[in-house]
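Note that the numbering used here has the sequence shown beginning at 204, numbered continuously upward.
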Amino acid sequence: MQTEFFHPITNAGAYVSVILPLALPKPYTYGVPEELIAQIQVGIRVEVPFGKGGVGGQGKLHTALVIAVLEEHSADRPPKSILSVIDEQPIVHPIQIRLWQWLAEYYCCTPGEVMHAALPAHLKLSGETRLTLSPLYEHDISGLSDKEYLIAEALSIQQEISIEDVRKILNQKTVYPVIRKLLDKKVVYLKEDLKERYTPKTIACVRLQEPYASHPERIGEAFDQLNRAMRQAEALMGYVQLSKKQEFVRRQELYTLAK
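Encoded structure:
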């Protein structure tokens, strides 16, 4: 049975249905404070408390994506409220949300897992996100608000700071909108944006064991011991020949010579 999680409701209401970039089986409903209703649209990110723990036991803070705007909720008790609106314009089109739904159904995964895979790293703010100062930032404070300036100054002193550090610096709980503006202005980067996204290639090399490594003149003894192991003797001969031409002998080169 197909589970519909996108409802194309466009009128502003008091509740939103959201998905989080987590392996959750369904979307969640949150209330919208009156002062934020005018900013709500399908396809924008909002800051929400989810689960247990966190400040005041209201749950850890996460970035969620609005997939529907609702006028009422069906839960037995009032839902938690969103804390802030991160985006001024939608970052995901309703057609993309429908595609995510299809992908979740087709690959037997959750919408949140599709969201996590689909969104670029800089759009997936979370409590584990760390910020670093952008090399493009020239310390021009003319275009920064007071809050943005405080974060930029903190990063000019420290190499990186966490989301929790930002909350302490600004002395406020909701900080994602400030971070989003700093990202847009190229003042900060997320740390994962700067990480190397590849694993350096390793090359297996071979060398002589002792005592032959320290006393190469005794290599003849090794050949004497291999008088009945023709393939091993050929490999050793190949090593001796290659080691005269190069400092390191790759294992693959010996395999090639032995063929």
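Every residue gets a Cβ at the ideal spot worked out from N, C-alpha and C, and that includes glycine.
As the structure is a prediction and not an experimental result, all values here were calculated from the model.
Per DSSP, the unbroken beta strand (DSSP E) holding Ser-365 starts and ends at 363-365.
By the criterion of at least three beta-carbon pairs nearer than 8 Å, the segment 316-329 is not in contact with the segment 275-283. Between the segment 418-426 and the segment 381-390, the count of Cβ pairs shorter than 8 Å is below three; the stretches do not touch. When C-beta atoms of the segment 240-254 are compared with those of the segment 336-346, fewer than three pairs fall below 8 Å, so the two segments do not count as touching.
Glu-250 sits in a strand when the DSSP states are folded into three classes. With respect to Arg-333, Ser-365 sits close: the two C-beta atoms are nearer than 8 Å. Burial check for His-418: the Cβ neighbour count within 10 Å stays below 16, so the residue is exposed. Rounded to whole angstroms, Thr-266 and Cys-311 show a C-alpha spacing of 23 Å. At a Cβ-Cβ threshold of 8 Å, Ile-240 and Ala-217 count as neighbours. When secondary structure is reduced to three states using DSSP, Ser-284 falls in the strand class.
A direct Cα-Cα distance of roughly 55 Å separates Ile-247 from Glu-456. A direct Cα-to-Cα measurement between Asn-374 and Lys-350 gives close to 10 Å. Between Leu-264 and Ile-222, the C-beta spacing is not below 8 Å. The C-alpha of Val-369 is placed about 31 Å away from the C-alpha of Lys-229. The segment 321-388 is shown to contain whole alpha helix (DSSP H) runs of 4 or more residues at 349-360, 366-373 and 379-387, in chain order. Across the set Cys-408, Arg-434 and Leu-445, the C-alpha of Cys-408 shows the shortest separation from the C-alpha of Arg-453.
A distance below 6 Å between beta-carbons, with the five flanking residues on each side excluded, links Leu-429 to the following residues of its chain, in chain order: Gln-435 and Ala-436. Using a Cβ distance threshold of 8 Å, Pro-297 and Val-245 count as a contacting pair. Contact check for Glu-291 and Thr-335: beta-carbon distance about 24 Å, past the 8 Å limit, so the pair fails to qualify. Ranking Tyr-233, Val-295, Thr-313 and Leu-358 by CA distance to the CA of Arg-280 puts Tyr-233 first. Rounded to whole angstroms, the separation of the alpha carbons of Ile-289 and Thr-313 is 23 Å.
Distance check between Ile-285 and each of Ile-243, Leu-445 and Phe-451 places Ile-243 closest, using alpha-carbon atoms only.
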